[in-house]
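Step one of this worksheet: look at the structure below.
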Amino acid sequence: MANCCFSQCQGPFQAWLRPGYWIPGIRNVHSDRQTWDLDGTPSENLDKIAQFVEENEKLQNWILRQANKDTHFIQIFSYTPSQWLDVTEIQLQPGPVSGTRAVCKSFSSGFLPVCVPGAPLWNAFLCWIPFYDMGLGRRRLNRICHGNGGRMSRL
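Here my numbering is used: the first residue of the sequence shown is 223, the next is one more, and so on.
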């Protein structure tokens, strides 16, 4: 599915601004946090997760926005069919004993879809409105975790 021009232009700004994630009680209904334990080093897992996301890019409408090998940080954009922007972030670090610990979050970035002109600014004004993501963030994190052989525990 092709993303519209407004979505492509406004998406990165809205992901940076993330007005849908500002208010703690309200963000809980459209976000999910998990920790995973993975085998291998953080660098190896960064490469595996990035490859998994790229292989599923078309099917899931994911965009690998960032995969930083120095900080072991991954950011994924996911546009819904109606052009709402969901953001998934994964921070990889050495595990407590061995392997890799991944601290993950997935959240809806705002109340209005990013195809609406001025959506990031409108969403800043509308950040207090609760909305439900129907579990999409949790399912996205689960899909990425299981696709990379992770063992999951909720934060």
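Glycine residues also receive a C-beta, built at the ideal position from the N, C-alpha and C atoms.
Expressed to the nearest angstrom, what Euclidean distance is found between the alpha-carbon atoms of L377 and K327?
Counted from its first residue, the sequence shown places residue 377 at position 155. Counted from its first residue, the sequence shown places residue 327 at position 105. For L377, the predicted model reports a pLDDT of 46, less than 50, meaning its position is unreliable and no value from the coordinates is stated.
DSSP state of K291, grouped into three classes?
Residue mapping note: residue 291 aligns to position 69 of the sequence shown, counting from 1. The answer is coil: DSSP assigns K291 none of H, G, I, E or B.
How many angstroms separate the CA atom of R287 from the CA atom of C226?
On the sequence shown, position 65 is the one that residue 287 refers to. On the sequence shown, position 4 is the one that residue 226 refers to. Straight-line Cα distance between these residues: approximately 17 Å.
Going by CA-CA distance only, name the one from Q315, S330, C349 and L348 that's closest to C357.
As a working note, residue 357 is residue 135 in the sequence shown. According to the sequence as given, residue 357 is Gly; it is not Cys. Cα-wise, what sits closest to G357 is S330.
Assess, as a yes-or-no matter, whether the region 274–285 is touched by the region 245–258 under the definition of 3 or more beta carbon pairs within less than 8 Å.
No, the region 245–258 is not in contact with the region 274–285.
Compute the distance between the beta-carbons of S265 and H294, then report whether it is under 8 Å.
If you number the sequence shown from 1, residue 265 lands on position 43. If you number the sequence shown from 1, residue 294 lands on position 72. Yes, the pair counts as a contact, with Cβ atoms nearer than the cut-off.
Cα-Cα, which of F333, L314, G340 and G369 is closest to G242?
Stepping through the sequence shown from its first residue, residue 242 is reached at position 20. Checked all of F333, L314, G340 and G369; the closest Cα to G242 is F333.
Using alpha carbons as the reference points, say which of R240, W258 and G233 lies closest to T322.
Sequence index remark: in the sequence shown, residue 322 carries index 100 (1-based). Here the closest residue by C-alpha is W258.
If you follow the beta strand (DSSP E) that F333 is part of, which residue opens it and which one closes it?
Along the sequence shown, read from residue 1 onward, the residue named residue 333 stands at position 111. It is not in any beta strand (DSSP E) - F333 carries neither H nor E in the DSSP assignment.
Taking the alpha carbon of C349 as the point to measure from, which residue in Q315, G233, P303 and I245 has its own alpha carbon closest?
Here residue 349 is taken as the residue at index 127 of the sequence shown, counted from 1. Here the closest residue by C-alpha is I245.
Find the nearest neighbour of F347 within the set C231, V309, G233 and L239, judged by alpha-carbon distance.
Counting from 1 along the sequence shown, the entry for residue 347 is found at position 125. With distances taken between Cα atoms, F347 lies closest to L239.
Can you list, in chain order, the residues of its chain whose CB lies under 6 Å from that of N267, leaving out five sequence neighbours each side?
One-based indexing of the sequence shown puts residue 267 at position 45. Closer than 6 Å at the Cβ level, and outside the excluded window around N267, lie L260, L314 and T322.
State the DSSP-derived secondary structure class of P339, mapped to helix, strand or coil.
To locate residue 339, count along the sequence shown from 1; it is residue 117. Reduced to three states, the DSSP call for P339 is coil.
Ignoring anything shorter than 4 residues, give me the alpha helix (DSSP H) runs that lie fully in the region 228–308, in order along the chain.
If we require 4 residues or more, the alpha helix (DSSP H) runs fully inside the region 228–308 come out as 246–249, 264–277 and 279–282.
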